[in-house]
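Structure, as structure tokens:
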Amino acid sequence: MKPELLAPAGNLTKLRCALYFGADAVYVGGKNFSLRAFADNFTDDELAEGIAFAHARGKKVYVAVNIFARDGDFSALREYVRYLAAVGADAVLVSDPGVFSLCREAAPGLCVHISTQANTTNARAAALWQSLGASRVVLARELSVAEIAAIHAAVPGLELEAFVHGAMCISYSGRCYLSDYMAQRSSNRGACVQACRWRYRVQSDMGGEGWYAVEEDARGTYLLNSKDLNMSARLAALEGAGVSSFKIEGRMKSEYYLATVVNAYRRLLDGGDPKCSADELECAAHRAYTEAYAFGAREDTVLRDGSQQEGTCEFIAVVRGWQCGRAVAEMRNRFYEGDVLEVLSPGPQFAASVRVTDLRDGVGAVCADAKRVQERYSFACSVPLSPGDILRRRKRADLAMR
Numbered sequence: 016m017k018p019e020l021l022a023p024a025g026n027l028t029k030l031r032c033a034l035y036f037g038a039d040a041v042y043v044g045g046k047n048f049s050l051r052a053f054a055d056n057f058t059d060d061e062l063a064e065g066i067a068f069a070h071a072r073g074k075k076v077y078v079a080v081n082i083f084a085r086d087g088d089f090s091a092l093r094e095y096v097r098y099l100a101a102v103g104a105d106a107v108l109v110s111d112p113g114v115f116s117l118c119r120e121a122a123p124g125l126c127v128h129i130s131t132q133a134n135t136t137n138a139r140a141a142a143l144w145q146s147l148g149a150s151r152v153v154l155a156r157e158l159s160v161a162e163i164a165a166i167h168a169a170v171p172g173l174e175l176e177a178f179v180h181g182a183m184c185i186s187y188s189g190r191c192y193l194s195d196y197m198a199q200r201s202s203n204r205g206a207c208v209q210a211c212r213w214r215y216r217v218q219s220d221m222g223g224e225g226w227y228a229v230e231e232d233a234r235g236t237y238l239l240n241s242k243d244l245n246m247s248a249r250l251a252a253l254e255g256a257g258v259s260s261f262k263i264e265g266r267m268k269s270e271y272y273l274a275t276v277v278n279a280y281r282r283l284l285d286g287g288d289p290k291c292s293a294d295e296l297e298c299a300a301h302r303a304y305t306e307a308y309a310f311g312a313r314e315d316t317v318l319r320d321g322s323q324q325e326g327t328c329e330f331i332a333v334v335r336g337w338q339c340g341r342a343v344a345e346m347r348n349r350f351y352e353g354d355v356l357e358v359l360s361p362g363p364q365f366a367a368s369v370r371v372t373d374l375r376d377g378v379g380a381v382c383a384d385a386k387r388v389q390e391r392y393s394f395a396c397s398v399p400l401s402p403g404d405i406l407r408r409r410k411r412a413d414l415a416m417r
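Residue 417, in this note's numbering, is where the sequence shown stops; the numbers in between run on with no holes.
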């Protein structure tokens with residue numbers, strides 16, 4: 016059976032986008048109890064709507080309940096977990112043993128997945144979670160492929176999920192106190208400010224004004240900023256090691272980023288051209304890529320300049336309809352009569368080129384410049400587009416002169 020492709024969804028729009036571009040399942044968070052408090056996240060009604068939308072398409076929704084809870088959280092948590100079971104969530108993601116026990120007690124029929132924040136790095140821990148009733152463990156990102164294979168061999172009946180793409184936390188499996196210390200916002204309760212991405216220097220407090228270099232030794236780095244994970248070339252190795260779910264990071268990422276990355280991995284899993292998918296993963300903004308710990312200690316995991324690389328394409332519009340040779344697209348970035356746009360799609364129109372002609376605004380008036388954000392523009396288009404497709408523009412030097 017082909018591994019599951021699991022994508023993040025920070026809101027309903029992103030949930031629909033991820034499923035449209037080929038995710039088999041999404042993971043989401045509610046307004047409370049999730050480690051991405053700054054994502055839009057889902058109200059209870061939106062969770063019910065998103066789960067129904069996914070199930071109608073044969074897809075799954077996992078709900079993160081992965082804070083490290085305090086005693087005062089459990090009364091509301093009990094009702095929330097029961098609600099998730101009632102609306103058909105396919106699993107909850109938990110880190111805290113107390114939350115785990117509450118889930119098993121309050122909703123015994125609800126599948127429980129163990130979050131990466133639980134730091135599962137060995138077969139004994141995996142076996143323990145399985146014995147308590149967990150159906151899946153999201154493995155710590157610090158594991159090598161060989162270590163994953165050893166865990167699978169020891170606990171073959173337990174589903175293993177592993178991150179394959181996205182931002183990495185410099186702290187051990189996300190257990191970080193830096194945000195709390197620097198900004199009084201707890202990472203472990205969903206409010207991380209990503210202080211690890213800030214620039215740092217070390218200054219002497221002994222009366223001098225000298226600045227000191229931040230260095231690393233043979234055991235690892237003391238710099239804080241990590242490159243982004245990219246395991247697209249190693250999916251076969253992960254599958255061979257027993258990974259049954261390939262997870263993409265990014266509940267805070269944009270709709271365009273999500274569409275680009277999910278589409279690239281879907282095509283890889285379906286036997287597509289690896290070079291095409293590698294090129295696709297350059298189309299959205301990202302930090303320099305690394306395979307991190309997959310094959311042992313890595314010396315290139317640290318991002319020393321602190322910057323993201325711009326993607327090779329610009330998100331222009333979301334297709335809302337196509338009929339009788341005309342496309343309707345909701346604008347995200349400015350485009351013009353005569354522009355050549357490229358189609359991002361899970362369908363056969365993927366990578367097709369479209370020249371914008373007979374451009375008209377939302378009331379049907381002829382215009383040369385689509386400049387109003389989220390207005391729906393129409394234009395002549397011979398390529399049969401589908402609602403949900405994305406239009407993007409390859410970045411060229413001459414566009415910067417406009």
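The beta carbon of each residue, even a glycine, is placed where N, CA and C say it ideally should be. Small disclaimer: the values here were computed from a predicted structure and weren't measured.
Using CA coordinates, which residue listed in the options is at the minimum distance from residue i?
i	options	result
Met16	Ala24, Thr28, Asp39, Ala22	Asp39
Glu325	Asp315, Ala303, Cys339, Val333	Ala303
Glu61	Ala307, Thr131, Tyr98, Leu406	Tyr98
Leu158	Gly353, Leu273, Ala307	Ala307
Asp404	Asp243, Tyr35, Thr372	Tyr35
Asp243	Gln338, Arg266, Ala344, Gln323	Gln323
Arg72	Ala33, Asp55, Tyr95	Ala33
Ile185	Ala256, Arg156, Ala366	Arg156
Lys29	Leu154, Met267, Val114, Gly340	Met267
Leu91	Gly172, Val114, Gly103	Reading off the sequence shown, one finds Ala at residue 91, where the question assumed Leu. It is Val114.
Glu345	Val170, Ser393, Ser146, Lys46	Ser393
For residue i, is the classification buried or exposed, using 16 other Cβ atoms within 10 angstroms of its Cβ as the cut-off for buried?
i	result
Gly148	exposed
Val358	buried
Val381	exposed
His180	buried
Phe89	exposed
His128	buried
Val76	buried
Pro361	buried
Glu174	buried
Arg409	exposed
Glu120	exposed
Lys372	It is worth fixing the name first, because residue 372 is Thr in this sequence and not Lys. By the 10 Å Cβ count, Thr372 comes out exposed.
Glu94	exposed
His301	buried
Ala415	With a pLDDT of 39 at Ala415, under the threshold of 50, the modelled position of this residue cannot be trusted; read the value that follows with caution. Counting Cβ neighbours within 10 Å, Ala415 comes out exposed, since fewer than 16 surround it.
Can you grab the Cα-Cα spacing for the pair residue i / residue j, in whole Å?
i	j	result
Ala138	Val152	11 angstroms
Phe83	Asp111	5 angstroms
Arg234	Ala161	The predicted model places Arg234 with a pLDDT of 42, which falls under 50 and marks its position as unreliable; any figure quoted below should be read in that light. Their Cα atoms are separated by approximately 20 angstroms.
Thr236	Thr327	No answer about Thr236 holds up, because its pLDDT of 41 lies below 50 and its placement is not dependable.
Pro23	Glu254	20 angstroms
Thr280	Glu19	According to the sequence as given, residue 280 is Tyr; it is not Thr. If you take the alpha carbons of Tyr280 and Glu19, they lie about 11 angstroms apart.
Ala383	Leu374	6 angstroms
Asn26	Leu273	12 angstroms
Glu176	Phe261	6 angstroms
Asp105	Glu352	46 angstroms
Asp315	Gln338	49 angstroms
Ala101	Val388	39 angstroms
Arg391	Ala385	9 angstroms
Met246	Val276	12 angstroms
Glu329	Arg349	10 angstroms
Gly124	Gly44	20 angstroms
Gly336	Lys74	24 angstroms
Ala182	Gly379	42 angstroms
Gln209	Phe178	19 angstroms
Leu154	Val369	43 angstroms
Ala248	Ala299	18 angstroms
Give me the Cβ distance between residue i and residue j, rounded to the nearest whole Å; I'm assuming they're in contact under 8 angstroms.
i	j	result
Leu296	Pro289	Not quite, the Cβ-Cβ distance comes to about 11 angstroms (not below 8 angstroms), so this is no contact.
Val80	Val107	5 angstroms
Ile166	Ala141	5 angstroms
Leu400	Val355	Not confirmed; about 15 angstroms, so no contact.
Val109	Ser130	6 angstroms
Gly311	Ala395	Wrong, their Cβ atoms sit about 55 angstroms apart, outside the cutoff.
Trp441	Thr135	Nothing in the structure corresponds to residue 441, since the chain is present only between 16 and 417.
Val398	Gln364	5 angstroms
Leu406	Ala332	5 angstroms
Asn240	Gly37	At roughly 31 angstroms, the Cβ-Cβ gap does not stay under 8 angstroms, so Asn240 and Gly37 are not in contact.
My output table needs one value for residue i: the three-state DSSP class, helix, strand or coil.
i	result
Arg234	Legend: pLDDT at Arg234 = 42, less than 50; position of this residue unreliable, value from coordinates given subsequently. Here Arg234 sits in coil by DSSP.
Phe88	Per the sequence shown, residue 88 should be read as Asp rather than Phe. Asp88: helix per DSSP, three-state reduction.
Arg335	strand
Tyr308	coil
Ala164	helix
Ala169	helix
Arg417	Bear in mind that a pLDDT of 35 at Arg417, under 50, signals an unreliable position, so the number given afterwards is only what the model happens to contain. The answer is coil: DSSP assigns Arg417 none of H, G, I, E or B.
Leu117	helix
Gly403	coil
Arg302	coil
Phe261	strand
Gln324	strand
Kindly examine the ligand FMN and report whether one of its heavy atoms sits closer than 7 angstroms to the Cβ of residue i.
i	result
Gly113	The ligand content of the structure shown is nil, which means the ligand FMN is not present either.
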